[in-house]
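At position 140 of the sequence shown the residue is numbered 252 (the working numbering), and the sequence of numbers has no breaks.
Think of the CB as a built atom: it goes at the ideal place given N, C-alpha and C, for glycine as much as any other residue.
In what follows, a single structure is set out as structure tokens and then discussed.
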Amino acid sequence: MRRSTIIGLAAAAMLTLAACGSGETTSSSATTSTSTAPTAAASSDAPQGEAEAVSVPKQLQFTSKTTAGATFEGASLAGKPAVVWFWAPWCHICKGEAPRVRDAAKSSGVSFLGVAALDDVEPMKGFVEEFDLDFPNLADTKAAVWARFGVTSQPSYAFISADGDVDVVAGALSASELDSRIAKIAG
113 MRRSTIIGLA AAAMLTLAAC GSGETTSSSA TTSTSTAPTA AASSDAPQGE
163 AEAVSVPKQL QFTSKTTAGA TFEGASLAGK PAVVWFWAPW CHICKGEAPR
213 VRDAAKSSGV SFLGVAALDD VEPMKGFVEE FDLDFPNLAD TKAAVWARFG
263 VTSQPSYAFI SADGDVDVVA GALSASELDS RIAKIAG
């Protein structure tokens with residue numbers, strides 16, 4: 113077997129063993145400073161046709177497919193506050209969190225991205241439809257995006273500030289905890 117296949121299988125096995133999150137909320141204090149080359153990204157405040165260079169954190173340097181089959185560039189989240197929610201379609205805790213994540217995405221004014229793993233695309237699509245998640249949700253069937261963020265269980269979150277600091281939090285968050293962390297990155 114090729115080395116990348118073995119590594120991928122090992123990562124998938126590790127994630128499968130993680131099962132459905134423990135319910136504990138722990139911050140990994142994984143605030144990372146970005147040492148990546150700037151990438152041009154259009155600012156929503158800039159006049160049309162002007163682009164402003166933003167630094168893209170290494171965690172956002174990926175291309176993946178959404179549950180609907182569209183291509184998603186992680187770098188599109190750079191330069192603005194964003195929440196990345198890691199979930200699995202069979203996870204009961206994730207099902208309990210889905211309505212509050214959906215509501216926060218609609219009301220917060222920050223970008224949201226869901227990253228589903230540990231299952232096939234069809235159950236992921238069903239979860240997105242069941243909970244009316246109208247923000248992009250990736251079908252991370254090989255858990256490659258999970259690995260970029262160091263996520264080993266679901267639910268987990270990554271809170272990304274506009275300047276590229278990334279804080280990964282493992283475990284479920286109450287509505288007030290989620291709102292507080294969003295307010296912190298929204299500045």
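Spatial neighbours of residue i in its chain, beta-carbon cut-off 7 Å, leaving aside the 5 residues before and after
| i | result |
| --- | --- |
| T183 | T175 and K177 |
| P88 | Outside the modelled stretch of the chain, which goes from 113 to 299, sits residue 88, for which no answer is possible. |
| W258 | L127, F198, V227, A229 and D252 |
Residues bridged to residue i (per DSSP)
| i | result |
| --- | --- |
| D279 | F271 |
| L250 | T178 and V227 |
Reference residue i; option with closest CA among the options
| i | options | result |
| --- | --- | --- |
| S286 | A216, S167 and A190 | A216 |
| A165 | S220, D275, R293 and D252 | D275 |
| Q171 | A180, T179 and L189 | L189 |
| E289 | G186, Y269 and F198 | Y269 |
| A256 | I272, Q173, P169 and V281 | Q173 |
| K207 | S220, F243, A282 and S219 | F243 |
Own chain, CB closer than 6 Å to residue i, minus 5 neighbours either side, in chain order
| i | result |
| --- | --- |
| L225 | V196 and P248 |
| R212 | A287 |
| D291 | none |
Helix, strand or coil at residue i [DSSP, three-state]
| i | result |
| --- | --- |
| Q171 | helix |
| A256 | helix |
Own chain, CB closer than 8 Å to residue i, minus 5 neighbours either side, in chain order
| i | result |
| --- | --- |
| V222 | K192, P193, A194, V195, I294, I297 and A298 |
| L245 | A210, V213, R214, A217, G226 and F239 |
Any chain B beta carbon closer than 8 Å to residue i
| i | result |
| --- | --- |
| V222 | No chain B is present in this structure, which holds just one protein chain. |
Quick check for students: name the residue ranges of the beta strand (DSSP E) that lie wholly in the stretch 182-241, counting only runs of 3 or more.
Runs of the beta strand (DSSP E) inside the stretch 182-241: 183-185, 194-199 and 223-228.
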